[in-house]
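Student: Under the working numbering, the sequence shown has 46 at position 32, and the numbering climbs by one with no breaks.
Built from N, CA and C at the ideal position, the CB exists for glycine as well.
Note that the coordinates shown come from a computational prediction; the quantities given were computed from them, not determined experimentally.
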Amino acid sequence: MSGDEKERLSAEIEARRDEVAALTADLVRIPTINPPGDEYEACARFLGERLAAKGFAVEYLRAEGAHGDSDAHPRTNVVARIEGDGDGPCVHFNSHIDVVAAGEGWTCDPFGGEIRDGRVYGRGTCDMKGGLAASVVAVEALLDSGIAFPGAIEVSGSVDEESGGYAGVAWLAEQGYFSRPRVDHVIIPEPLYKDAVCLGHRGVWWAEVEVKGRIAHGSMPFLGVSAIRGMGAFIEMVERELYPRLEQRRTEMPVIPDAARQSTLNFNSLHGGLPERAYAEGFPSALVADRCRIVLDRRYLMEEDEAEVRGEIVAILEKLSAERPEFNYEISELWSVPPTMTDPQSPLVRALDRNIEVVLGQPARHVASPGTYDQKHVRRIGNLENCVAYGPGILELAHQPDEYVDIDDMVASAQVMGGAALDLLRGDVA
Ligand SMILES: [Zn+2]
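1) Report, in whole angstroms, the separation of the C-beta atoms of P164 and L398, which I expect to be a contact under 8 Å.
2) Could you work out which residue in T354, D141, I96 and R43 is closest to P124 when comparing CA atoms only?
3) Using DSSP bridges, identify the partner residues of W349.
4) So V328 packs on V34, CB below 8 Å; how close in whole Å?
5) Would you grab the beta carbon distance between D388 and N48 for me? Rounded to a whole angstrom, and I think it's under 8 Å.
6) From D99 to W120, what does the alpha carbon distance come to, in whole angstroms?
7) Report all residues from its chain with a CB closer than 6 Å to the CB of D198; omit the five preceding and five following residues, and keep chain order.
8) Heavy atom of ligand 1 less than 6 Å from the Cβ of M424, yes or no?
9) Looking at the secondary structure, which residues open and close the alpha helix (DSSP H) in which L288 lies?
10) Measure the alpha-carbon distance for L409 versus E322 and round it to whole angstroms.
11) List the DSSP bridge partners of H231.
12) Using DSSP with H/G/I as helix, E/B as strand and the rest coil, what is A420?
13) According to DSSP, which residues form a beta bridge with A94?
14) Just mark D357 as buried or exposed, buried being the case when its beta carbon has 16 or more other beta carbons within 10 Å.
15) Taking the Cβ atom as the reference point for each residue, do P203 and S149 lie within a distance shorter than 7 Å?
16) Out of curiosity, what's the CA-to-CA distance linking G325 and R59?
17) Taking DSSP as the reference, what is the three-state secondary structure of E344?
18) Let me check you understand the geometry: is the CB of E417 closer than 6 Å to at least one non-hydrogen atom of ligand 1?
19) So, with DSSP's three-state summary, where would you put G214?
20) Should the segment 75-89 be regarded as contacting the segment 176-183, the criterion being three or more beta carbon pairs within less than 8 Å?
21) Please give me, in chain order, every unbroken run of the beta strand (DSSP E) with length at least 3 that falls completely inside the segment 128-203.
22) Can you tell me where the alpha helix (DSSP H) with A35 in it begins and where it stops?
23) Can you check whether the CB of N342 is closer than 7 Å to the CB of V430?
24) State the Cα-Cα distance for the pair A210 and I242, rounded to the nearest angstrom.
25) Are there 16 or more other CB atoms within 10 angstroms of the CB of P195, so buried, or fewer, so exposed?
26) Taking the beta carbon of N400 as the centre, do at least 16 other beta carbons fall within 10 Å, making it buried, or is it exposed?
27) Can you tell which of T386, K20, G385 and G144 has its C-alpha closest to the C-alpha of S159?
28) Measure the C-alpha to C-alpha separation of L75 and V93 and round it to an integer number of angstroms.
29) What do you reckon, is the C-beta of E204 under 6 Å from a heavy atom of ligand 1?
30) I'd like to confirm something about D112: is its beta-carbon nearer than 6 Å to some heavy atom of ligand 1, or not?
31) Tell me which same chain residues have a C-beta within less than 7 Å of the C-beta of T354, skipping the five on either side of it?
32) Taking 7 Å as the CB-CB limit, is D83 close to chain D?
33) Going by alpha carbons, who is nearest to S240 out of V183, V200, G286 and E253?
34) Tell me the rounded alpha-carbon separation between V153 and S335.
35) With distances taken between CB atoms, is the gap from V381 to C140 smaller than 7 Å?
36) Quick check: the segment 230-238 against the segment 268-276, are there 3 or more CB pairs under 8 Å?
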C-alpha cells in the first residue's frame with residue numbers, strides 16, 4: 015500500500031481526537047453495570063445506530079436462555095458488518111460493553127463522562143469503552159477516507175465479559191460469529207497499553223474443596239471432628255509445600271506484570287460452621303463445625319496441564335487423609351479455561367507490530383494477560399487462533415476508582431488499529 019494512504023488515514027484519525035473522547039464519554043454515561051447487567055440494550059442500540067448510519071448492517075442479538083438473561087436484564091449483543099470491495103478477509107473488532115460497579119473512592123462522577131486534562135474519566139473508560147471508541151473511530155475514519163479495501167470489517171459490542179462472557183462472546187461464538195469463514199482476524203481493544211500486543215492469557219482452574227467433619231457439642235469438641243481444624247491443616251500444607259513450588263514455575267509466556275509470570279493460587283473464599291450472621295440475629299448454638307469449604311483460584315501456565323494442577327491439590331488432600339484421623343474431603347471443579355497464546359508470527363500480530371512501530375516510533379512489545387478475557391471463547395468455541403487484545407489504557411487502572419483513559423493513547427491506538435486493519439484486509443503483511 016502506498017505510504018500516502020496510510021498517512022492520510024492517520025491524519026483522518028488525528029482529526030477526530032475530540033470525537034473519540036466524546037464517544038467514550040457518551041458510552042460511559044450509559045451505566046452498563048455488571049452485575050446485574052444494566053442498560054445493555056440501550057448501549058447496544060446506541061452503538062448499532064451509530065454504525066448503521068455509516069452503512070453497517072447491524073444485528074441485535076439477545077442471548078435468550080443464556081445465564082443471566084431476563085426481560086429485566088436482557089443480554090443484548092450488537093454485531094455490525096460492512097463489506098469492502100470484493101473478496102477478502104474479515105477483520106473483527108470486539109469490545110465488551112459491560113463495566114464493573116463503581117465502588118467507593120471516586121472524586122468525580124463515575125458515570126459523568128468527564129473530559130479533563132487530556133483524559134476521559136469514569137467507570138469503564140479504561141476497561142474498555144475507550145478501546146471500543148478508538149476502534150469505532152478508526153473504522154469510521156477508514157470508511158470516510160475513501161481508501162479502498164477488500165473483504166469486510168465487523169465491530170461488535172458484547173455483554174458480560176466481566177462475569178465470564180457466557181451470554182456475550184461465548185454465546186455469539188456458539189452461533190458462528192467468531193469462526194471462519196465469517197471472520198479471519200479478531201482484535202479485542204482491552205486496556206493493555208498502546209505499544210503492546212497481548213497474545214493470550216494464563217489458564218484458570220477454580221475448585222471448591224469441602225472438608226467434612228462430625229458435629230458435636232462445642233463444649234466437648236473431642237466428641238466430634240472439626241472441619242475447620244481439618245481445613246486449617248490443608249491451608250497450612252498448601253502454604254508450606256505448594257506455594258514455594260508455584261513460585262518457582264516461570265513461564266515462557268510474556269505475562270505482565272512480571273510477578274504474574276509464574277503459577278499463582280488465591281483462596282477466593284472460606285467458610286466453616288454456622289453463618290457468622292447468626293451471631294447478630296440471636297444466640298448461636300455451640301457446635302463443632304461439620305463442614306468447611308474453600309474456593310481455590312489457581313492460575314496456570316502453558317507449561318503446566320490441568321490434570322497436574324488438580325493432581326497436586328488432590329495429593330495434598332490425600333496426604334492429609336493418611337496423616338489425620340477422620341479427615342474427609344470432597345473436591346468439585348467449578349470452572350476451568352486452558353491457557354492460550356496466539357502465534358507471534360501470525361499475520362495479525364505482525365500487522366499490529368508493524369503499525370505500532372510506524373505510529374509510535376518504537377518496537378511493539380508482546381505481552382500476555384494474567385487473567386482471562388473473551389479471547390478464550392474465540393479460541394475454543396470459535397476455533398479461531400487469530401485473536402489478540404490490543405487497545406489503549408493502562409491495565410492497572412481497570413476496576414479502580416477515578417478510572418481514566420488518555421485521549422492521546424486512544425488516538426494512537428486507533429491509528430494502529432486502522433493501519434493494521436487495512437494491512438490485513440489487503441493481505442499486505444510482509
Ligand atoms: Zn475488560
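Tutor: The short version:
1) That belief does not hold up - the Cβ atoms of P164 and L398 are roughly 20 Å apart, past 8 Å.
2) R43
3) W220
4) That belief does not hold up - the Cβ atoms of V328 and V34 are roughly 51 Å apart, past 8 Å.
5) In fact, because the Cβ distance is near 13 Å, the residues do not count as touching under 8 Å.
6) 48 Å
7) P103 and C104
8) no
9) Looking at the DSSP string, L288 is not in any alpha helix (DSSP H), and its letter there is neither H nor E.
10) 30 Å
11) L301
12) Note that residue 420 is Asp in the sequence shown here, rather than Ala. Looking at D420 - three-state DSSP - the assignment turns out to be strand.
13) V72 and V169
14) exposed
15) yes
16) 47 Å
17) strand
18) no
19) strand
20) yes
21) 128-130, 133-135, 166-172 and 199-202
22) R31 to V42
23) no
24) 46 Å
25) exposed
26) buried
27) K20
28) 8 Å
29) yes
30) no
31) G214, H215, Q389, K390 and R393
32) In summary, chain D is missing from the structure at hand, where a single protein chain is found.
33) G286
34) 60 Å
35) no
36) no
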